[in-house]
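*Asks:* Attaching a single structure in structure tokens format; questions to follow.
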Amino acid sequence: MPLVPMTAFAEDAKKHKYAVGQFNLNNLEFTQAITEAAAEEKSPVIFGVSEGAMRYMGLEYTVAMAKAAAETSGVPIALHLDHGSSFEVVMKCIRAGFSSVMFDGSHYPLEENIRLTKQVVEAAHAVGVSVEGELGTIGGVEDDLSVDEKDAALANPADAIRFWEETKVDYMAIAVGTAHGMYKGEPKISFEIIDEVARNIAAPIVLHGGSGVPDEAIKKSIQFGVGKINVNTENQVACTAKIREILAAKPNEIDPRKYLGPAREAIKEVVKGKIRLFGSNNRI
Ligand code: 13P
61 MPLVPMTAFA EDAKKHKYAV GQFNLNNLEF TQAITEAAAE EKSPVIFGVS EGAMRYMGLE
121 YTVAMAKAAA ETSGVPIALH LDHGSSFEVV MKCIRAGFSS VMFDGSHYPL EENIRLTKQV
181 VEAAHAVGVS VEGELGTIGG VEDDLSVDEK DAALANPADA IRFWEETKVD YMAIAVGTAH
241 GMYKGEPKIS FEIIDEVARN IAAPIVLHGG SGVPDEAIKK SIQFGVGKIN VNTENQVACT
301 AKIREILAAK PNEIDPRKYL GPAREAIKEV VKGKIRLFGS NNRI
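Using our numbering, count along the sequence shown one by one with no gaps and you end on 344.
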């Protein structure tokens, strides 16, 4: 089937209290691993593509890989821009074939974030593309984005509700205590914020920085209204650990397929585990 917007699975996820995973693409092997995991688990899935990953893979290659995955997998796949920084980048992705976009205006004052996000929603909805907006500042490092722990700010629920009412984004990312990258200690998630916002808006809440969040906290956040969870770092860690292991055992190995193939399997296992944890397995 063709790539779908994230609205294709939002209602079912809400009704049956599960979250759909956004797994970030880093290269061909990530794309294949995520697709195979979703197909084997009979789960919808979201390919997240950051601007940095897009520069690395190339826009046309990214869309071609995602389309090939969607057409062969038998499960619904959304190709989603992660943390889009401008209207121009969003438009470029939509024109190239993305089925979903995130506009991250979280570093702007609230009024400006609302104004810019509304422009994106208007243009994207006109061509059937779903939109994720963000409020509050998520800490940690992800490609071009780097937010010091002390500058990370949790979303104010009243602002988040107003943001949704005015923008009508399809998915709402709010900073609730998670961070991009691995955690030094255990993340302190504010379930109260998730609860209050989820009760007052129709859109599912998005949890960024899903790597390293304890399983129980993930399950609880889904119960409170999280409908999409982003994971990248754990897949990168699994991939690189497998490559290190193989090259340490066979320092003379020169065929990339001999270490990238097993790395792909390692990523797939992580994704399958997350899909089951999020409860989106057997939904297709
Ligand atoms: P992690 O890399 O911490 O899993 O976060 C991914 C993410 O939130 C992408 O937007």
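Glycine included, each C-beta is placed from N, C-alpha and C at the ideal position.
Strictly by DSSP, which residues pair up with isoleucine 137?
*Replies:* According to DSSP, which records beta bridges pairwise, isoleucine 137 is partnered with Val105.
*Asks:* Isoleucine 314: buried (16+ other C-beta within 10 angstroms of its C-beta) or exposed?
*Replies:* Isoleucine 314 comes out exposed.
*Asks:* Is any heavy atom in the ligand 13P found nearer than 7 Å to the beta carbon of glutamate 225?
*Replies:* Flag unset: Cβ of glutamate 225 not near the ligand 13P.
*Asks:* With a Cβ-Cβ cutoff of 8 Å, do isoleucine 265 and glycine 287 count as a contact?
*Replies:* Yes. Within cutoff.
*Asks:* Taking buried to mean at least 16 other C-beta atoms within 10 Å of its own C-beta, is aspartate 208 buried or exposed?
*Replies:* Label assigned to aspartate 208: exposed.
*Asks:* Is the separation between the beta-carbon of valine 105 and that of isoleucine 137 shorter than 8 Å?
*Replies:* Closer than 8 Å, so yes.
*Asks:* In this structure, does DSSP put histidine 268 in helix, strand or coil?
*Replies:* Three-state result, histidine 268: coil.
*Asks:* From the DSSP secondary-structure annotation, give me the bridge partner or partners of threonine 197.
*Replies:* Paired residues: Ala213.
*Asks:* Counting only runs of 4+ residues fully inside the stretch 127-188, write out the alpha helix (DSSP H) ranges in chain order.
*Replies:* Here the runs fully enclosed are 147-156 and 170-186.
*Asks:* Can you give the Cα-Cα distance for threonine 293 and alanine 156, rounded to whole angstroms?
*Replies:* C-alpha separation (whole angstroms): 26 Å.
*Asks:* Going by beta carbon distance, what residues of the same chain come within less than 6 Å of glutamate 101, once the five residues before and after it are set aside?
*Replies:* Correct list, in chain order: Lys332, Ile335 and Asn341.
*Asks:* Alpha carbon to alpha carbon, what distance is there between methionine 117 and methionine 232?
*Replies:* Rounded to whole angstroms, methionine 232 to methionine 117 spans 27 Å at the Cα level.
*Asks:* If you measure from the CB of histidine 240, is any heavy atom of the ligand 13P nearer than 7 Å?
*Replies:* Yes, the beta carbon of histidine 240 sits closer than 7 Å to at least one heavy atom of the ligand 13P.
*Asks:* Between aspartate 142 and the ligand 13P, is there a pair consisting of the residue's CB and a ligand heavy atom that are separated by less than 7 Å?
*Replies:* At least one heavy atom of the ligand 13P is nearer than 7 Å to the Cβ of aspartate 142, so yes.
*Asks:* Counting along the chain, where does the alpha helix (DSSP H) carrying alanine 326 start and finish?
*Replies:* Residues 316-338.
*Asks:* Going by the beta-carbon positions, is the gap between serine 145 and glutamate 111 smaller than 8 Å?
*Replies:* It is a contact, given that the beta carbons lie within the stated cut-off.
*Asks:* Could you give the first and the last residue of the continuous alpha helix (DSSP H) run that contains leucine 307?
*Replies:* Start and end: 293-309.
*Asks:* With a threshold of 7 Å, establish whether the CB of asparagine 290 neighbours any heavy atom of the ligand 13P.
*Replies:* Checking every heavy atom of the ligand 13P against the Cβ of asparagine 290, one is found closer than 7 Å.
*Asks:* Going by alpha carbons, who is nearest to alanine 184 out of Leu307, Lys279, His143 and Ile154?
*Replies:* Answer by Cα proximity: Ile154.
*Asks:* Report the partner residues of glutamate 192 according to the DSSP bridge assignment.
*Replies:* BP columns for glutamate 192 point to Met162 and Tyr231.
*Asks:* For the beta strand (DSSP E) that asparagine 312 lies in, which residues bound it at each end?
*Replies:* Asparagine 312 -> no beta strand (DSSP E), and no H or E assigned at all.
*Asks:* CB valine 191 to CB valine 229, shorter than 8 Å?
*Replies:* Result yes, Cβ atoms of valine 191 and valine 229 sit closer than 8 Å.
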